[in-house]
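Comments concern the structure below.
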Amino acid sequence: MFVCMCYGVTDKSIRAAVQGNGVGNMRELREHMELGSQCGKCIQMAQQIIDQTIIDD
Ligand code: FES
């Protein structure tokens, strides 16, 4: 599923960044990939995926 349409970022790639690179918030996620800086609509969803991935691990 695409989370960020503007940059073509999927939930899978966000989860991989959390699990593989220890990403814990949006600021850290944006060090690994471009998202959220166009329309910003994806930011809340991306944050939820980060939080959920941390809880599930
Ligand atoms: Fe992510 Fe627009 S959907 S910046």
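Residue numbers for the sequence shown follow the numbering used here, beginning at 8 and rising by one. Positions of the beta carbon are idealized from the N, C-alpha and C atoms, including for glycine. Treat the numbers as computed from the prediction; the structure is a model and nothing was measured.
Closer than 6 Å to some heavy atom of the ligand FES: that describes the Cβ of glutamine 45. Distance from the C-beta of lysine 48 to the nearest heavy atom of the ligand FES is below 6 Å. Under the three-state reduction of DSSP output, valine 30 falls in the coil class, being neither helix nor strand. From the listed residues Met33, Gly15, Asn28 and Met12, the smallest Cα separation to isoleucine 56 is found for Met33. In the DSSP assignment, glutamine 45 falls outside any alpha helix (DSSP H), carrying neither H nor E.
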